[in-house]
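To convert a position in the sequence shown, counted from 1, into our numbering, add 669.
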Amino acid sequence: MLKKVYTAATPLMPGFIQEVLENAGIPCQQRNYFLNGAMGELPFVETWPSLWVEAAYEQQALELIQATLQQPSTGFWTCSGCRETLETQFQNCWQCGQAAPPSTAIADGK
Numbered sequence: 670m671l672k673k674v675y676t677a678a679t680p681l682m683p684g685f686i687q688e689v690l691e692n693a694g695i696p697c698q699q700r701n702y703f704l705n706g707a708m709g710e711l712p713f714v715e716t717w718p719s720l721w722v723e724a725a726y727e728q729q730a731l732e733l734i735q736a737t738l739q740q741p742s743t744g745f746w747t748c749s750g751c752r753e754t755l756e757t758q759f760q761n762c763w764q765c766g767q768a769a770p771p772s773t774a775i776a777d778g779k
């Protein structure tokens, strides 16, 4: 059974959060991606893009989303693949493509 874990008014943040979850090994689905055009015909909240995960991943996904949105965007992490030092705004190493460790959350710029 799928559970909704994230909703936003635009598709930008759900796409970003989906990448964070998938890089942490949490499979997810994005729904309502193209429903913005129906806003006005349908209740606006029902047209917002949302992310859904299997119930077994719900708590882990919610914790990772919360950590991602609360983490300041300043700081660094070291790639375990090539030892490149990267700013926390990067979810993947630009040198070798290795994903950031799950504890390295990325901020939404707030």
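Where a beta carbon is used, it is the ideal one built from N, C-alpha and C, also for glycine.
Endpoints, beta strand (DSSP E) assigned at residue i
i      : result
VAL714 : From DSSP, VAL714 is part of no beta strand (DSSP E); its letter is neither H nor E.
THR747 : 745-747
LEU720 : 719-723
Coil, strand or helix - residue i by DSSP
i      : result
TYR675 : strand
GLU618 : The structure shown does not extend to residue 618, since the chain is modelled only from 670 through 779, so no value can be given for it.
ALA768 : strand
Rounded separation between residue i and residue j - CA only
i      : j      : result
LEU733 : LEU681 : 18 Å
ALA724 : PRO771 : 20 Å
GLY744 : THR754 : 10 Å
LEU690 : LEU711 : 29 Å
LEU720 : ASN761 : 21 Å
GLY778 : GLN758 : Only weak support is given to the placement of GLY778: the predicted model assigns it a pLDDT of 38, under 50, and the question is left unresolved by the model.
GLU688 : GLN764 : 18 Å
THR679 : GLY706 : 11 Å
TRP746 : ALA769 : 7 Å
Run of the alpha helix (DSSP H) containing residue i, from where it starts to where it stops
i      : result
GLN687 : 681-692
Test: residue i CB closer than 8 Å to a CB of chain B
i      : result
ALA724 : No chain B is present in this structure, which holds just one protein chain.
Check whether the region 706-721 touches the region 745-762, counting contact only when three or more Cβ pairs, one atom from each stretch, lie closer than 8 Å. No, because fewer than three Cβ pairs between the region 706-721 and the region 745-762 fall closer than 8 Å, the two stretches do not touch.
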